[in-house]
Every structure is written in C-alpha cells, then in structure tokens.
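A.B. asks: Taken in sequence, the protein lines are chains P and U.
Using my numbering, you'd call the opening residue of the first sequence number 13 and step up by one each time.
Using my numbering, you'd call the opening residue of the second sequence number 1322 and step up by one each time.
One structure coming up, written as structure tokens, with questions to follow.
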Amino acid sequence: MNDPVDVLIIGAGASGAAVAWSLAETKMHILCMEQGGWMMPSEYPSTGRDWEARFYGDYSPSPNIRARPEDYPINDDNSPIKVVNFNGVGGSTIMYTAHFPRLHPSDFHVRTLDGVADDWPIDYDALAPFFAENDRMMGVSGLAGDPAFPPTEPPMPPLPLGRSGALLGKAMNKLGWHWWPSDTTVATTDYEGRARCINLGHCTPACAQGAKASTDITYWPVALRAGVELRTHCRVREITTNEHGMASGVVYYDKDGVEQFQPAEVVIIACNGIGTPRLLLNSVSGRFPNGLANSSGLVGKNLMFHPYAQVYGYVEEPTDSNRAPPTCLWSKEFYETDTSRGFVRGYAIQFGRGIGPVVEAVMSEGKGILPWGADHHRVFRKLNGHRLTASAICEDLPEEHNRVTLDPVLKDSHGIPAPRVDYTISANSAKMMEHGIARGKEILAAAGATDICINCPIPYGGWHLLGTARMGADPARSVVNEWGRSHDVKNLFIVDGSVFVTSGGVNPTSTIQAIALYVADQMKRRLADLFD
Amino acid sequence: MSAENILSTRQRGDLRVIAAMMIPESAEYRVPGADDAAIQADILATLGRDAAQVSEALDHLARLAGAPLAELDTAGHEVVAKKFRATGGAAAATLIRVVLQCYYRDDRVLRSLGLELRPPFPKGYTLEQGDWSLLEPVKARPSMWRRAP
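Here is the structure:
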C-alpha cells in the first residue's frame, strides 16, 4: 500500500493545478493523480505539415475520436452537443481557445434578478481577488476599461485587432453594438518564462510556442517546486470511505495497469463536469449505494453546456485566417436579460478570425458551398482566407433531466463504467440561439459578408461541462456547500465546473479556476476545523 | 497492415477517379488534380485510423457505380457522385475529408494559393495591430453591466 498523503487531488487540469498550487504553501503532503501524462510541445500539431489533419485524429477535441490511451469513452449519442475535452497534465487547457472572460456579477443572482434557476451561494465579489490572482498565474492579455464589465487589470496588453478584428469592429460600430478585445491567456509579451505569441494560429489543439497558458506550463511548474507530487498515468476508479463515512483514499490503476490503493486525509476532485459525476457514481458502497456525496440525488444532474449558435461568412478583403489566434473580440451587447427578446438571460458573442485551408475546404464542402469539379478552384480561392465568424455562446439553465449517468455497457480501457450523457436543448436556449443567429447574420451583413453558413448548435461544441455537482447551502438541493465541501462527506471537496449553479454566457475556465483558488483559500482558513 | 494492403486495387482505382471528380487538374491555377500520383501516395500513406471508413466509403461507391468508376462516362460520374454524397454518411465524409486534407497540403497547391510551404511553428506569422481608433465609440459608452443586488 502507498503511504498516506494529507491531500489527494484527482485531475491535473485547470482546477486541479490551481488548487494544488494554492494549497502548496501549507506544506502538507499533497499528491495529484492524473490519468494522462505530460505533454510534449515538440510533438504538437503546429510543428508539422499535417497540422490541420491531426485535428481530425490524435488531436481531435472529441475523446471518442481522439481515443488516446488516457482518454475514456463517453456515450453522448443522446445529445445534440458532443462532449469535447482533453486528458493529460493541463487537462482541457491543453486544448482550448484561451478565450478568458469571467462570469458577470449578475450571473450569480439569476433567481433574484430573473426568477429562474437558483442564486449561487457566493458572488462575484467573493471571487474577485481569485480572478485577479488567476489572471496573474495564467497570464492574461486584455484591455482594461470594457464598459460591459467591472474593472479588471489584465497583466499583458491585448492581442492585435488584426485584419479580422478591424473588419468586425467596423461592422459592430455600424450597428452601434458593444464589442471589445477579448481577454485571452495567450501571452502578448514574454511572461513568467513563457515566450510571447508568434501567431502560430493553430492555438486550440495545443500551443507549440508555449504562449498559450495551459496549466502544465503555468501552475504546475510552480506547484512542483513548492513540493506538490504529481503522479501521471494513474486512473482513479473509485473513492473509498471508512466506517465514519469519511473519504479514506482512492483505488486507482497505475501506469502499468496494476490496481493500487492510495490513502488520503482529504480528497479533492477536479475531473470536470463529466468526469466528476462519473467518479462519484462509480464510488458506491453500502453506506453510499447511489454514489458518493449523492444524498441529494443531484450528482450528474443539471448538466449545462453552452449551446453555440455560430454564423460565418466570407468578405472580399483578406482576413487573418489561420495566421493568428482564433479568437479576437467579444460582445456583451446581448448578455443581460431583456424579456422583450422572448427569453431570459443572454449570451456573449465570440468572434473568430478565420481558419486554415484544410478545415476551410472540409467545412465548405460539407456545407455545399465548395463544389466538386472545375469550379472548385475558383470558389476555394474566394473562400479561403476570407472567413469571419460570430458565435453566440448561450447561457444554459440547469434542468435535472440533462444529466450524466453511468453507461450500462460502455467501459474504459480499465473496465471502469463510462459516462453516458442525456441532454436536450431547452426552449429558452433554443430561442436564445435563434436570436444569436439573427444578430450574427446582421453583423456579417454589416461586414459585407456573403455565403452565410450556420452551425446551430456546433455539434462538437461541448467544451463547457458544468453543473453536475452543484454548489449550495441546502444539502437537499446541492452536492457541495458554498466552499466546495461535500455536504455528505466532510473531507471530500470538488473544485471543477461541476459546482456551477448556473452557466453564465461565457467560457468558464477563468471562473472554474477562480473557484478552485477560492475553495483552497477557504480550506486554508479552516485547517483547524476543516471537517466540522 | 499498410494502407496499400487495406485498399484493393479496385478501391484504389475508384479513389483516384473520385478524387479527380472532386478536384480536377487546373491549368489556369497551375495545380494538379487530387488524382495526382503524389497526392494519392500521401493519402494512402497517411490513411491510418481513417482506413476502415475510407474502405467502407469506397465499397459504397462501388455498389452505386456497379462498375469501376473509370469505366463510367461523365454523366455517370455525376449521378454516382450525387448519390454518394447524399447516402454515404460518415464514411463518405471521411473519404472526402481525407482527399481534401492531403490535397491542401501539397506544395504545388499551397504555392498556387500563395501560402508558405511550412508548418506554423517555429516561424509563426505577423499579425498587424489593426486600427485601434475603431474602439473609441465603444470606450465612450456608459457602463452597461448589470448590477447585482
């Protein structure tokens, strides 16, 4: 048996890295287990001539397509939005667009403000210092002064507008709508040992330059220097409990596939909104027959994605195409509730600069705008390098029938039951998406774009995995309390997107990490009576 | 098993023909067709995990054509292509994507498009700043975020 540790963190992604780094100052014995390994930037797709093709293979965002040894399968057949993620040290920060907005203050009070869902038990002000701390650790580039958000101080200047940003900015000005350069975790200056962005363009499937922040190059090096132990290629099967109903450790498979037991005084789960309920539901015992921390019955329920309503078109002017980070601007014009629109809550618009030639050809052929035959060449030259994109990232509200359960048949390579996702897009979300498509068309028309295409939803757009172990003060209506501790198991914490009460209408990684730092801070403040 | 062995001679022949139907040679743009020997060799050499679906797509194509594609005339090609795209499902989409991803990384094609013959890393690209004065009207807007209680 392994020696016991004080704190065992499961998952080395966005939240696991942040909580490990924050707790390191306690000098406790902290161990993190990660089912994947360390990434090798020299092997990232943008280092080879097949850089675009690998997006359809070993660097697909879908674990079902990618099927690396560290991936686990997900049955998402009964969902119009497919789960995308990445497994390895850094988790899905290896494979994300680095778009880094924060949830808005209003997002924490949706019941009070709009009469829907539930208020969070914490608010923006409680997280504000941790947002700022996380911005420093991840290295955020952005521009202070956005009128659509409380004041922030990004440590680096924003990415250039480029051709695409300028075209979109002009269009938004014509319409009189809000826009602003996005906060991103792409370094625009040399920053804490990271080299500045050189516009490889292919940011999402990992950055060979190291300019895009992923936690393997931000939090982890610092956490390891501070004494945290990170054990890779270890897949946790279940969390065990003792006679007192406390977590006692985990059963896991080591890099050789050998079953092991790791005892721990405290267990922190950081496995995302799919992996966390999967682990809890797999951790059954006589005392917890419906899964661990599940007395509320809400583990796995209230799954929220952000349904993406995407519109793109083609302008005569050349755009930045694949020669720049893919995101450049956001708009919060339609973020806050306006009931005259026919739905509650709202969405941010995320603007895209363009894509590379292979993806352009594949997508355009699939949409039927790139013909076969002699005219193929002329049309392709009209499309390639001329694309602009507007994507409405719509707030999904929690609904219990949207859920993660264990698939009765599907298992991972270790024989552990795999997750199954059942999800439908709500009427409110559908109306919001329709609104977003209409506004996106207006924006592209103002930019002079033609050949308009729509993805509604983006099928492989389930990046944001939220709500499946929600936070709350009432143990009957939530899985963890207001500082991330399980209501049922007092030495078990959750710090990933599972704890979101509502989803907001922005990419969640910044908020996920701020929550992880907040929970760590709460733990440090309560070390003497952590389990009371 | 290599990709050459996964695909039969008939399948490889049909692959060449349908690739040319998708993207024919163009003297105007000075590019080869997707049936070019080097591009076909790239496709076969890098089929990898797509081999089974491409093989399935080619079997479907053979059923639709009823004969080697090369034996059909232009009108026959058009009929088969239309049916193939309409009924081929994920396998047909994979075949089409495999052809496109190899075609649009060929040196001659990239040169014709004015693109550099290299991966993005390590040289990267230059991104112009753009006109930041465009942001002035937005900066002048009053604060618009919704205050929470």
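Yeah, the Cβ is synthetic: ideal placement off N, Cα and C, and Gly gets one too.
Along chain P, which residues have their Cβ under 9 Å away from the Cβ of U/Gln-1361?
C.D. replies: Ordered by position in chain P, no residue passes the 9 Å Cβ test against U/Gln-1361, which lies about 16 Å from the chain.
A.B. asks: Can you find a C-beta in chain P that's less than 8 Å from the C-beta of U/Lys-1460?
C.D. replies: Judged by the 8 Å Cβ criterion, U/Lys-1460 is in contact with chain P.
A.B. asks: In this structure, does DSSP put P/Met-483 in helix, strand or coil?
C.D. replies: Reduced to three states, the DSSP call for P/Met-483 is strand.
A.B. asks: Within the same chain, show all residues whose beta-carbon is closer than 6 Å to that of P/Leu-310, passing over the 5 residues directly before and after it, in chain order.
C.D. replies: If we look at P/Leu-310 and ignore the five residues flanking it on each side, its Cβ neighbours are Val-491.
A.B. asks: Taking U/Glu-1471 as the query, report the chain P residues whose CB atoms sit under 7 Å from its CB, ordered along the chain.
C.D. replies: Given that chain U is displayed from residue 1322 to residue 1470, the structure contains no residue 1471 of chain U and the question cannot be resolved.
A.B. asks: Within this structure, are the beta carbons of P/Trp-63 and U/Pro-1440 separated by less than 8 Å?
C.D. replies: Cβ atoms of P/Trp-63 and U/Pro-1440: closer than 8 Å.
A.B. asks: Please name the residue, chosen from P/Pro-217, P/Pro-75, P/Pro-233, P/Pro-193, that lies closest to P/Gly-205 on a Cα-to-Cα basis.
C.D. replies: It is P/Pro-233.
A.B. asks: If contact means a Cβ-Cβ distance below 8 Å, which residues of the region 1326–1356 of chain U contact chain P?
C.D. replies: Those would be Met-1342, Met-1343, Ile-1344, Pro-1345, Ser-1347, Glu-1349, Tyr-1350, Val-1352, in chain order.
A.B. asks: Using DSSP with H/G/I as helix, E/B as strand and the rest coil, what is P/Met-258?
C.D. replies: Correct three-state label for P/Met-258: coil.
A.B. asks: Would you mind listing the alpha helix (DSSP H) stretches within the region 207–250 of chain P that are 4+ residues and don't spill past its ends, in chain order?
C.D. replies: The qualifying runs are 231–237.
A.B. asks: Shortest alpha-carbon distance to P/Gly-517 belongs to which of P/Gly-496, P/Glu-494, P/Pro-75, P/Leu-478?
C.D. replies: Here the closest residue by C-alpha is P/Leu-478.
A.B. asks: Under 8 Å between C-beta atoms, does P/Trp-50 make it to chain U?
C.D. replies: Chain U, which has no Cβ nearer than 8 Å to the Cβ of P/Trp-50, makes this no.
A.B. asks: Roughly how many whole angstroms lie between the Cα atoms of P/Arg-415 and U/Ile-1344?
C.D. replies: When rounded, the distance between both Cα atoms is 44 Å.
A.B. asks: Evaluate contact between the region 1417–1427 of chain U and the region 149–160 of chain P, counting only Cβ atoms and requiring at least three cross-stretch pairs below 8 Å.
C.D. replies: Because the criterion of three Cβ pairs below 8 Å is not met, the region 1417–1427 of chain U and the region 149–160 of chain P do not touch.
A.B. asks: How big is the Cα-Cα spacing for P/Leu-422 and P/Arg-335?
C.D. replies: Answer to the nearest angstrom: the Cα atoms are 40 Å apart.
A.B. asks: Report the three-state DSSP secondary structure of P/Trp-63 (helix, strand or coil).
C.D. replies: Reduced to three states, the DSSP call for P/Trp-63 is coil.
A.B. asks: Give me the residue from P/Val-262, P/Leu-292, P/Ala-160 with the minimum Cα distance to P/Glu-348.
C.D. replies: Closest by alpha carbon: P/Ala-160.
A.B. asks: So for P/Cys-283, helix, strand or coil by DSSP?
C.D. replies: Looking at P/Cys-283 - three-state DSSP - the assignment turns out to be coil, as it is neither helix nor strand.
A.B. asks: Check whether the Cβ atoms of P/Ser-629 and P/Gly-364 sit closer than 8 Å, and answer yes or no.
C.D. replies: No statement about residue 629 of chain P is possible, as the shown extent of chain P runs from 13 to 544 and does not include it.
A.B. asks: Can you tell me whether DSSP reads U/Tyr-1446 as helix, strand or coil?
C.D. replies: The answer is coil: DSSP assigns U/Tyr-1446 none of H, G, I, E or B.
A.B. asks: Please determine if the region 504–520 of chain P and the region 315–323 of chain P are in contact, where contact requires at least 3 C-beta pairs separated by less than 8 Å.
C.D. replies: With a cut-off of 8 Å, the region 315–323 of chain P and the region 504–520 of chain P count as touching, because enough Cβ pairs lie within range.
A.B. asks: Using a Cβ cut-off of 8 Å, pull out every chain U residue sitting near P/Trp-132, in sequence order please.
C.D. replies: Ordered by position in chain U, no residue passes the 8 Å Cβ test against P/Trp-132, which lies about 10 Å from the chain.
A.B. asks: Based on DSSP bridge pairs, tell me the residues matched to P/Val-17.
C.D. replies: P/Ala-276.
A.B. asks: Going along the chain, which residues of its own chain have a beta-carbon closer than 8 Å to the beta-carbon of U/Glu-1415, five neighbours each way excluded?
C.D. replies: Note that residue 1415 of chain U is Thr in the sequence shown, not Glu. Here the set comprises Asp-1371, Gln-1374, Val-1375, Ala-1378.
A.B. asks: Determine, using beta carbons only, whether P/Ser-153 and P/Thr-105 come nearer to each other than 8 Å.
C.D. replies: No, the Cβ-Cβ distance between P/Ser-153 and P/Thr-105 is not below 8 Å.
A.B. asks: Scan the region 209–237 of chain P for residues whose Cβ lies nearer than 7 Å to a Cβ of chain U and list them as they occur along the chain.
C.D. replies: Flagged, chain order: Ile-210, Asn-211, Leu-212, Gly-213, His-214, Ala-220, Gln-221.
A.B. asks: So what's P/Leu-293 in DSSP terms, helix, strand or just coil?
C.D. replies: Reduced to three states, the DSSP call for P/Leu-293 is helix.
A.B. asks: For U/Gly-1409, which residues from the same chain have a beta carbon less than 8 Å from its beta carbon, with the 5 sequence-adjacent residues on both sides left out?
C.D. replies: Contacts found: Ala-1378, His-1381, Leu-1382, Leu-1416.
A.B. asks: Per DSSP, which residues does P/Phe-505 bridge with? Please list them.
C.D. replies: According to DSSP, P/Phe-505 bridges with P/Ile-280, P/Arg-497.
A.B. asks: What residues from chain U crowd round P/Thr-124, counting only those whose CB sits closer than 9 Å?
C.D. replies: Per Cβ cutoff of 9 Å: Ala-1469, Pro-1470.
A.B. asks: In the DSSP assignment, what are the bridge partners of P/Asp-434?
C.D. replies: Per DSSP, P/Asn-90, P/Arg-415.
A.B. asks: Would P/Tyr-71 and P/Pro-217 qualify as a contact pair, given that the criterion is a beta-carbon distance under 8 Å?
C.D. replies: Cβ distance < 8 Å, so P/Tyr-71 and P/Pro-217 count as in contact.
A.B. asks: Spatial neighbours of P/Asp-424 within its chain, please: CB distance less than 7 Å, with the 5 preceding and 5 following residues excluded, ordered by chain position.
C.D. replies: Cβ neighbours of P/Asp-424 beyond the five flanking positions: Tyr-84, Pro-85, Ala-430.
A.B. asks: Considering only their Cβ atoms, is the gap separating P/Ala-532 from P/Ser-34 smaller than 8 Å?
C.D. replies: Yes. Within cutoff.
A.B. asks: Return helix, strand or coil for P/Arg-80, following the three-state DSSP convention.
C.D. replies: Three-state result, P/Arg-80: coil.
A.B. asks: Grouping DSSP H, G and I as helix and E and B as strand, with all else coil, what is P/Glu-328?
C.D. replies: Here P/Glu-328 sits in coil by DSSP.
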